[in-house]
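A.B. asks: Heads up: the sequence shown runs through residues 294 to 562, numbered per my numbering.
Every residue gets a Cβ at the ideal spot worked out from N, C-alpha and C, and that includes glycine.
Every value quoted in this text rests on a predicted model; they were computed, and no experiment measured them.
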Amino acid sequence: MKLRYKIAGLLVLAGVLASCQSSPATPTSKGVIDESKVVDLTYSFDDKTIYWPTAKPFTWEKEAWGQSAGGFWYTAARYSASEHGGTHLDAPVHFGEGKQAADEIPVANLVSPAVVIDIAEACAKNADYLLSVEDITKWESQHGRLPDDCIVLIHTGWGKFWGDKKKYLGTDAPGDTANLHFPGISREAAKLLADQRKINAIGIDTASIDYGPTRDFIAHQILNGANIYGLENVANLEKLPATGATLIALPMKIKGGTGGPVRIIAILP
Ligand SMILES: [Zn+2]
Numbered sequence: 294m295k296l297r298y299k300i301a302g303l304l305v306l307a308g309v310l311a312s313c314q315s316s317p318a319t320p321t322s323k324g325v326i327d328e329s330k331v332v333d334l335t336y337s338f339d340d341k342t343i344y345w346p347t348a349k350p351f352t353w354e355k356e357a358w359g360q361s362a363g364g365f366w367y368t369a370a371r372y373s374a375s376e377h378g379g380t381h382l383d384a385p386v387h388f389g390e391g392k393q394a395a396d397e398i399p400v401a402n403l404v405s406p407a408v409v410i411d412i413a414e415a416c417a418k419n420a421d422y423l424l425s426v427e428d429i430t431k432w433e434s435q436h437g438r439l440p441d442d443c444i445v446l447i448h449t450g451w452g453k454f455w456g457d458k459k460k461y462l463g464t465d466a467p468g469d470t471a472n473l474h475f476p477g478i479s480r481e482a483a484k485l486l487a488d489q490r491k492i493n494a495i496g497i498d499t500a501s502i503d504y505g506p507t508r509d510f511i512a513h514q515i516l517n518g519a520n521i522y523g524l525e526n527v528a529n530l531e532k533l534p535a536t537g538a539t540l541i542a543l544p545m546k547i548k549g550g551t552g553g554p555v556r557i558i559a560i561l562p
């Protein structure tokens with residue numbers, strides 16, 4: 294009897310060990326995301342971060358830093374900034390009356406398959422280049438129709454100018470919005486994306502989805518008006534493939550916010 298119990302016990306143990314090997318272990322922080330496949334699409338926030346010429350830039354000041362009176366290490370700081378600067382989100386309410394605010398965008402829409410439309414070659418020849426309908430249809434002839442619920446990222450190549458305000462915006466004069474030059478999205482392309490495709494969001498590696506010289510911000514009006522949120526000053530777009538990456542873009546949850554800082558990562562296929 295005793296031997297039989299022992300054998301039965303060993304069989305149970307063997308079964309437990311076998312099941313440990315065959316079924317996935319309880320997830321730990323290591324292994325949930327393969328770090329070699331992660332691309333950080335976010336610029337750091339500091340006093341050099343590029344903001345719209347009329348916006349309040351990012352400020353960060355230390356409130357306490359070092360050994361406290363209590364004898365322990367203690368640090369804390371405060372920050373402030375306009376919503377629209379650095380790597381940030383444009384909530385649909387930014388240009389769409391009654392549309393979603395930053396806190397109202399469904400979380401599922403902040404995690405999307407990413408597609409990248411590369412117009413860097415045309416932009417290198419013309420700083421005021423506008424993404425055209427042809428750019429989109431050419432992309433689709435190579436990769437298929439833009440998938441539903443994707444985020445469309447426009448790669449203009451402007452990321453290489455990040456840190457150099459004059460090159461990145463076309464002007465580095467405070468308050469100067471008359472001399473902005475950088476690529477953006479045409480009215481016709483925005484209309485195609487808003488009316489004939491079903492995308493979650495639009496992102497770009499410039500300061501705005503509308504090009505520098507715009508006066509009516511028509512791409513914002515059309516896309517935000519269709520409840521499509523935007524991502525601006527997106528970093529490292531040259532590191533993403535045309536299709537296959539997954540984007541996670543989590544903005545600060547500002548109640549009623551028109552946008553705000555966003556941490557964006559892409560997970561490569
Ligand atoms: Zn913005």
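Could you tell me the distance, in whole angstroms, from the CA atom of Gly523 to the CA atom of Gln360?
C.D. replies: For Gly523 and Gln360, the distance between alpha carbons rounds to 42 Å.
A.B. asks: Under three-state DSSP, which class holds Val332?
C.D. replies: In the structure shown, Val332 sits in a strand (DSSP, three-state: E or B).
A.B. asks: Measuring alpha carbon to alpha carbon, tell me which residue in His381, Gly363, Lys459 and Lys418 is nearest Phe351.
C.D. replies: The residue with the shortest Cα to Cα distance from Phe351 is His381.
A.B. asks: What are the start and end residues of the alpha helix (DSSP H) that includes Ile515?
C.D. replies: Counting along the chain, the alpha helix (DSSP H) containing Ile515 begins and ends at Ile511 to Gly518.
A.B. asks: Would you grab the beta carbon distance between Val400 and Lys392 for me? Rounded to a whole angstrom, and I think it's under 8 Å.
C.D. replies: Rounded, the Cβ-Cβ distance is 17 Å, inconsistent with contact.
A.B. asks: What does the alpha-carbon distance come out to for the pair Ile398 and Ala370?
C.D. replies: In a straight line, the C-alpha of Ile398 is about 29 Å away from that of Ala370.
A.B. asks: DSSP three-state label for Asp488, please.
C.D. replies: Three-state result, Asp488: helix.
A.B. asks: Within this structure, are the beta carbons of Pro476 and Ala420 separated by less than 8 Å?
C.D. replies: It is a contact, given that the beta carbons lie within the stated cut-off.
A.B. asks: Using three-state DSSP, classify Gln393 as helix, strand or coil.
C.D. replies: Gln393 falls in the coil class under three-state DSSP.
A.B. asks: Could you compute how far the alpha carbon of Glu356 sits from the alpha carbon of Pro440?
C.D. replies: Approximately 47 Å between the Cα atoms of the pair.
A.B. asks: Is Gly518 a contact residue of ligand 1, with contact defined as CB to any heavy atom under 7 Å?
C.D. replies: Checking every heavy atom of ligand 1 against the Cβ of Gly518, none is found closer than 7 Å.
A.B. asks: Could you tell me which residues DSSP pairs with Ile497 in its beta bridges?
C.D. replies: Paired residue(s): Ile447.
A.B. asks: Need the endpoints of the alpha helix (DSSP H) that His381 sits in, please.
C.D. replies: Looking at the DSSP string, His381 is not in any alpha helix (DSSP H); the run it does join, the beta strand (DSSP E), is His381 to Asp383.
A.B. asks: So Ile497 and Thr539 are supposed to be a Cβ contact under 8 Å. How far apart are they, rounded?
C.D. replies: Not quite, the Cβ-Cβ distance comes to about 19 Å (not below 8 Å), so this is no contact.
A.B. asks: Following the continuous beta strand (DSSP E) through Leu566, name the residue where it begins and the one where it ends.
C.D. replies: The shown model of the chain, from 294 to 562, leaves out residue 566, and the question about it has no answer.
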